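K.L.:
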Amino acid sequence: MSNQMTVCVTENKLPTPQDYRDLFADIEPLEAFDIKKEELAAQLSALLAHTDTSRSEFATLAHWKKSRVTALLNGNGNPTFKTLWEFASFLGYEADLHFRLPSEARALEPWNSKQLTPNPIAILDALSAIDIEMQSSDEVFHDMLNGHDRKAYFSIKPDEYTCSLIDISMPITESLPQISQKITIKKQYKFDIKNI
Amino acid sequence: MTLALRRLKIEHFCSNQKSPLVDPADAFKVYGIVENRTNDLVFEDLRSLSNEADKKSARTALIKLLKHAENGPPLEKCFDSKQCHPIHQFLHQNDNIKIWRLWLAGVIRICFIYLPSNRIVILNILPKRQDSITKSQKGNLENLALDILARDKQSLLSVLEEKS
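Line by line, the protein sequences are chains B and R.
Okay, so the first sequence: first residue is 0 according to numbering that gives the first Met the number 0, each after it adds one.
Okay, so the second sequence: first residue is 0 according to numbering that gives the first Met the number 0, each after it adds one.
Pasting the structure below:
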């Protein structure tokens, strides 16, 4: 998928997130902390993968029982900070506690490249867009050729932190590479990932 | 029949959670398949689960999958081979295509493929009641995987989203 995506405002009949959640309405609801535990287990697994250490190798290195490693990495139990610190230490890392607002991005970890990519769907949600659909430029082109233009088009350029409401005027004889020449930007939103 | 992808997010399974507004560039994004713009295959697989244990298992497995994908390393590096392994492999245009199976909680198994640009596409979610999958199940998975790969190569896979 290229870095530039066209997102069009559309109406569709997909099940909503609430429809998904309703499928689980008859089982015990999850607390935010349950999700946080899974997140923590995923971070520990990622650190192990980053240091190219298998679970068995770690158990040998740390003199832990394999079942303890498995339980920790499966998100079972409620590990103490000492356990987390030991886990990181055995792999040659420090373990710190970071605080952030829910709206802020999580701090990058050693296994992440030093780059963040804005999530265009979340950004459009934040911009109060209605139901949206992401399309490739090919799909936009073919929809327009067939007279299926959407109500509005947004162009997202994550690298430049811009989201533009665009106007595409294109005679149907034009070929795909010429589309970009015919786009005029009606309104551009410059976003700062920290402020969304 | 048209095929599209739909990004699965944590808010599909838990109301008090929101997807981050930014992702690390190397994070994996998890998608389900949508047929004819309306038939969401992940949703249908989940809807077909009949008992409480299967539902719990599916929800836990999907949350684990999403949380591990957020971090970036390929899933097979984050789990042991019993939890994540190729269930079927085939040659396609000189590429060795692997269909992976993830077993993270209870009886539920999630079959998926990787697409370029750190994308994971779920092919199906099923309770595993037998040791291995049948020849016809493998054939169905292979056909679906081939269809997705071919459409992606031709930029014919759109991504559908709906506001939460």
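From the three backbone atoms N, C-alpha and C, an ideal C-beta is built for every residue, glycine too.
Because the structure is a prediction, the values reported are computed rather than measured.
Using the Cβ count rule (16 or more neighbours within 10 Å means buried), how would you classify K242(R)?
P.N.:
The structure shown does not extend to residue 242(R), since chain R is modelled only from 0 through 163, so no value can be given for it.
K.L.:
Along the beta strand (DSSP E) that carries E30(B), what are the first and last residues, could you check?
P.N.:
Premise fails: E30(B) is in no beta strand (DSSP E) and is neither H nor E.
K.L.:
Quick check on S154(B): does DSSP put it in helix, strand or coil?
P.N.:
Strand.
K.L.:
With C-beta atoms as the reference, is P23(R) less than 9 Å away from A48(B)?
P.N.:
no
K.L.:
Using a Cβ-based criterion (distance less than 8 Å to any ligand heavy atom), does L156(R) qualify as near the ligand HEM?
P.N.:
Of the ligands one can find in the structure shown there are none, so the ligand HEM has no counterpart to examine.
K.L.:
For W110(B), which of helix, strand or coil comes out of DSSP?
P.N.:
coil
K.L.:
How would you call M133(B), buried or exposed, if buried means at least 16 neighbouring beta carbons within 10 angstroms?
P.N.:
buried
K.L.:
Counting Cβ pairs, one atom from each stretch, are 3 or more of them under 8 Å apart for the region 146-159 of chain R and the region 28-40 of chain R?
P.N.:
yes
K.L.:
Short of 9 Å Cβ to Cβ, which residues in the region 22-37 of chain R face chain B?
P.N.:
D22, P23, A24, D25, A26, K28, V33, R36 and T37
K.L.:
So what's I147(R) in DSSP terms, helix, strand or just coil?
P.N.:
In the three-state DSSP reduction, I147(R) falls in the helix class (H, G or I).
K.L.:
Are there 16 or more other CB atoms within 10 angstroms of the CB of G74(B), so buried, or fewer, so exposed?
P.N.:
buried
K.L.:
Determine the closest residue to R58(R) out of H11(R), V120(R) and G138(R), with distance taken between C-alpha atoms.
P.N.:
H11(R)
K.L.:
Listing by chain order, which chain R residues have their CB less than 9 Å from the CB of W110(B)?
P.N.:
P23, D25, N70, G71 and P72
K.L.:
Less than 9 Å between the C-beta atoms of D39(R) and I124(R), yes or no?
P.N.:
no
K.L.:
Just tell me which of A61(B), F140(B) and E103(B) has its CA closest to the CA of L83(B).
P.N.:
A61(B)
K.L.:
How many angstroms separate the CA atom of F79(R) from the CA atom of R54(B)?
P.N.:
The question names Phe, yet the displayed sequence has Asp at residue 79(R). Roughly 8 Å between the two C-alpha positions.
K.L.:
For chain R, is any of its Cβ atoms less than 9 Å away from the one on K16(B)?
P.N.:
Inspection of the sequence shows that residue 16(B) is occupied by Pro rather than by Lys. For P16(B), the nearest CB of chain R lies under 9 Å from its own CB, placing it at the interface with that chain.
K.L.:
Tell me the DSSP secondary structure of M133(B) in three-state form.
P.N.:
strand
K.L.:
Going by alpha carbons, who is nearest to R128(R) out of G105(R), L114(R), I147(R) and D146(R)?
P.N.:
It is G105(R).
K.L.:
If you run the structure through DSSP and keep just helix, strand and coil, what is I132(R)?
P.N.:
coil
K.L.:
In chain order, what residues of the same chain have a beta carbon less than 8 Å from the beta carbon of A26(R), not counting five sequence neighbours either side?
P.N.:
A68, E69, N70, G71 and N117
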